[in-house]
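The opening residue of the sequence shown carries number 481 in my numbering; numbering runs sequentially from there. A short write-up of the structure that comes next.
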Amino acid sequence: MKRDNFLLTFLILIIVCTILLIPLYFTEAHYLEQEEEKKQIKNELQSTILIPHDIVFNFTDKLSKYTYSFVQNLTLSGLYGLEILFKTGGSLALSDTLKVKIVMEDRINISFTIDKLFQDSNIHSLTKSLYCENIGEEAKITIYFEGQCFIGKEGNLTLFKTINLYSYDILSLKTEKIISPDVIPHSISFSGNSFSKKTFSVKSFFNVENTNITKIKLNFTFNTNDFVSLERKITFQIGSNLTEKDFSSGLNTILLSLDCGSDLNILNISFTVGYSSDIIHLEDFSLSIEVEKEEETSKEREILEFKEWEGDKIDLTFDISILKNEQSSKELIINLNLSCGFEGATVTPYIEFRIISGIYTIYTGKVMSYEQSEEELIKINTYTYTYNKPLLVNFYAKLENSGKGQIFIYNSSNLTASKIPQMSSKGLFREVESEKNVYTPQLGAVILNYYDVFFNDYSLTIDYVFNLTFTLFTDYDEVFDRINVGITIGVNTSINKIFSKPGKISITEDVKIYQGYNEVKIKLTIYGSGTYVSLRNITYRLNPIKDFSFQDENQTISSVNIPLIKPPYTISLGISSILGQWVIGGVFARVFNSSKKKNKLSKNMKYKLEF
481 MKRDNFLLTF LILIIVCTIL LIPLYFTEAH YLEQEEEKKQ IKNELQSTIL
531 IPHDIVFNFT DKLSKYTYSF VQNLTLSGLY GLEILFKTGG SLALSDTLKV
581 KIVMEDRINI SFTIDKLFQD SNIHSLTKSL YCENIGEEAK ITIYFEGQCF
631 IGKEGNLTLF KTINLYSYDI LSLKTEKIIS PDVIPHSISF SGNSFSKKTF
681 SVKSFFNVEN TNITKIKLNF TFNTNDFVSL ERKITFQIGS NLTEKDFSSG
731 LNTILLSLDC GSDLNILNIS FTVGYSSDII HLEDFSLSIE VEKEEETSKE
781 REILEFKEWE GDKIDLTFDI SILKNEQSSK ELIINLNLSC GFEGATVTPY
831 IEFRIISGIY TIYTGKVMSY EQSEEELIKI NTYTYTYNKP LLVNFYAKLE
881 NSGKGQIFIY NSSNLTASKI PQMSSKGLFR EVESEKNVYT PQLGAVILNY
931 YDVFFNDYSL TIDYVFNLTF TLFTDYDEVF DRINVGITIG VNTSINKIFS
981 KPGKISITED VKIYQGYNEV KIKLTIYGSG TYVSLRNITY RLNPIKDFSF
1031 QDENQTISSV NIPLIKPPYT ISLGISSILG QWVIGGVFAR VFNSSKKKNK
1081 LSKNMKYKLE F
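So this is what it looks like as structure tokens:
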């Protein structure tokens, strides 16, 4: 009986141990399987550069530099993402001064700027793209450090000895195929600068196998946090072909066309954020590329005229008279919106242009290198007294190196013309704008520009009184900062005023008006601190000084405080008035006091007045 009980107990013990050990076995097996999978992924995606030891770079309030060189056996060829690990200590470095540059074989440079966002004594990583054809054994690697901190401060940067290299595939673009090449790195974070701009870049690489492919369509999406800045631009560049766009907070989707070359193409995408005190996060980069067909290009916009240039000089003239509408007068104010495109080599620093009416140049300007995109809108305000003559635009530039390209004028260009008003014997009244509503950024300003012209047919110089008035409303008067008003009249008169409170704004100045055409330029710079601002009844007047009067005919008095006693006109009248009031007041006071005591005083008592 005891033996049977022992066997039963032993069997139960074996069953319990089996139940307990089986899950442990499978758990360990699953763990080993996961580790082996991680190991395989690591071997497939990563190589390393091993610095002999961690490098500590110390920097002071003077620009500090340090160089470290070593040799390592490497076999690299293709596209990689190079990742460094680092941490900082001590004081913060001055803006954009803490830098690390890695040079391989004296021909491949990878530069990192350690933003102050990462100078917090924690371990961080940064990644840049690395493309190399052949780096063999015994590769010489040099690391350059540079940094500077505030006066009397010291800081340090520790670069850890392991540098990771992640390999990427370079995709090939074919005629009937959409590809999605990697963007390296996949995200960017940095702190804004309230007083300047910051630019950070990512890159993507792809091959073009067919030499007939010359233009591609890009679809680029990315996400940003909510931040405030005066300027935010994104630039796409392949070789010398460059296109610039604006972007906003949140999800962005950008579609554009770009010229490409054969074989390997390197797409550089740059983000520029100007005048921001926020931290900026750019992430979730996604890129797709396909071939753009010729018929798709022509559907996007219709070309009014295009011309090609080649060599070290541009001198192209377009006749844009077709944009003019019929006018009975030859003397007109012109508002021209010129839609043009620039393809091929980018001209630095700018291309000059002139608007010509007949034989007279009526406007000059510049198309900067960053404005030379596929479609750029140039806004021109000027005047002409030869409107009946041909209207031309000439582009001119001299290049340091030879190149070639095309300039397009699109039929989306338009021109409006209005008569030039003439000064009368009583002066001039002009309404600039009846109402304008704008939203102002939290930092920085909104700028409004207005342009007008009038003709003075009187003597060479007349003294006038100029008056500009308008009313400014805001949704929060407490946070409104200021409005700067700049006025230019002719060539010799410049007026600048600053107003810090909303309400009715009026500027009055004596000016000299010359015979002939006089331009009036008004620039309103509004610092609204994130408020909505409404401008109403923007007008200006010019009246001869002898007839100076700006009283509106329909003006009404909303409320007037009328004093009980009007102030006297002269000093003598004032003294007489004061004495008279004193005498009368004394009489009333004595009568009042005597009436209260009449029961106590004698009836024969005489009242005396003392002065």
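All C-beta atoms in this analysis are idealised placements derived from N, C-alpha and C, irrespective of residue type, glycine included.
Cα-Cα separation between residue i and residue j, rounded to whole angstroms
| i | j | result |
| --- | --- | --- |
| residue 891 | residue 782 | 6 Å |
| residue 759 | residue 594 | 14 Å |
| residue 650 | residue 584 | 21 Å |
| residue 744 | residue 768 | 16 Å |
| residue 449 | residue 844 | Residue 449 falls outside the range modelled here, since the chain spans only 481 to 1091, and no answer is possible. |
| residue 772 | residue 741 | 13 Å |
| residue 531 | residue 561 | 17 Å |
| residue 959 | residue 996 | 44 Å |
| residue 953 | residue 925 | 16 Å |
| residue 928 | residue 984 | 18 Å |
| residue 658 | residue 665 | 21 Å |
| residue 712 | residue 728 | 7 Å |
| residue 976 | residue 902 | 26 Å |
| residue 589 | residue 582 | 6 Å |
| residue 645 | residue 887 | 43 Å |
| residue 986 | residue 962 | 14 Å |
| residue 722 | residue 951 | 43 Å |
Of the residues the options, the one placed nearest residue i, counting alpha carbons only
| i | options | result |
| --- | --- | --- |
| residue 990 | 945, 554 and 917 | 945 |
| residue 972 | 982, 999 and 987 | 999 |
| residue 858 | 924, 669 and 832 | 832 |
| residue 851 | 872, 829, 840 and 800 | 829 |
| residue 842 | 657, 822, 813 and 855 | 813 |
| residue 908 | 1024, 701 and 550 | 1024 |
| residue 1015 | 784, 1006 and 1021 | 1006 |
| residue 586 | 886, 577, 564 and 619 | 619 |
| residue 853 | 710, 726 and 863 | 726 |
| residue 677 | 706, 563, 576 and 692 | 576 |
| residue 704 | 694, 670, 737 and 719 | 670 |
| residue 430 | 824, 886, 951 and 979 | Since the first and last residues shown for the chain are 481 and 1091, residue 430 lies out of range. |
| residue 675 | 608, 756 and 683 | 756 |
Chain B contact for residue i (CB, 8 Å cutoff)
| i | result |
| --- | --- |
| residue 750 | Of the protein chains in this structure there is only one, and it is not chain B. |
Start and end residues, beta strand (DSSP E) containing residue i
| i | result |
| --- | --- |
| residue 677 | 677-688 |
| residue 843 | 840-848 |
| residue 560 | 556-570 |
| residue 584 | 579-584 |
| residue 825 | Looking at the DSSP string, residue 825 is not in any beta strand (DSSP E), and its letter there is neither H nor E. |
| residue 597 | Here residue 597 belongs to no beta strand (DSSP E), and DSSP marks it neither H nor E. |
| residue 982 | Where residue 982 is concerned, there is no enclosing beta strand (DSSP E), given that its DSSP letter is neither H nor E. |
| residue 706 | It is not in any beta strand (DSSP E) - residue 706 carries neither H nor E in the DSSP assignment. |
| residue 552 | 544-552 |
| residue 886 | 871-890 |
| residue 796 | 783-799 |
| residue 627 | 619-627 |
| residue 759 | 759-771 |
| residue 722 | 721-726 |
| residue 810 | Neither: residue 810 is in no beta strand (DSSP E) and is coded neither H nor E. |
| residue 657 | Counting along the chain, residue 657 falls outside any beta strand (DSSP E), and DSSP gives it neither H nor E. |
Cβ neighbours of residue i in the same chain (closer than 6 Å, five flanking residues each side left out)
| i | result |
| --- | --- |
| residue 648 | 559 and 662 |
| residue 642 | 528 |
| residue 834 | 841, 844 and 874 |
| residue 470 | Residue 470 lies beyond the range of the chain shown here (481 to 1091); nothing can be said about it. |
| residue 770 | 658 and 697 |
| residue 715 | 724 and 750 |
| residue 735 | 699 |
| residue 838 | 866 and 869 |
| residue 980 | 962 |
7 Å CB neighbourhood of residue i in its chain, flanking five on each side removed
| i | result |
| --- | --- |
| residue 879 | 792, 793 and 827 |
| residue 899 | 809 and 812 |
Own chain partners of residue i with C-beta closer than 8 Å, once the 5 adjacent residues on each side are dropped
| i | result |
| --- | --- |
| residue 893 | 784, 800, 803, 816, 817, 818, 819 and 820 |
| residue 920 | 926, 1006, 1007, 1008, 1009, 1010, 1011, 1012 and 1013 |
Original post:
Quick one: any contact between the stretch 603-617 and the stretch 536-549, if contact means 3 or more CB pairs under 8 Å?
Top reply: no
Checklist entry - Taking contact to mean at least 3 C-beta pairs separated by less than 8 Å, is the stretch 570-583 in contact with the stretch 626-643? => result yes
With a threshold of 8 Å, are at least 3 pairs of Cβ atoms found where one atom belongs to the stretch 592-606 and the other to the stretch 540-551? no
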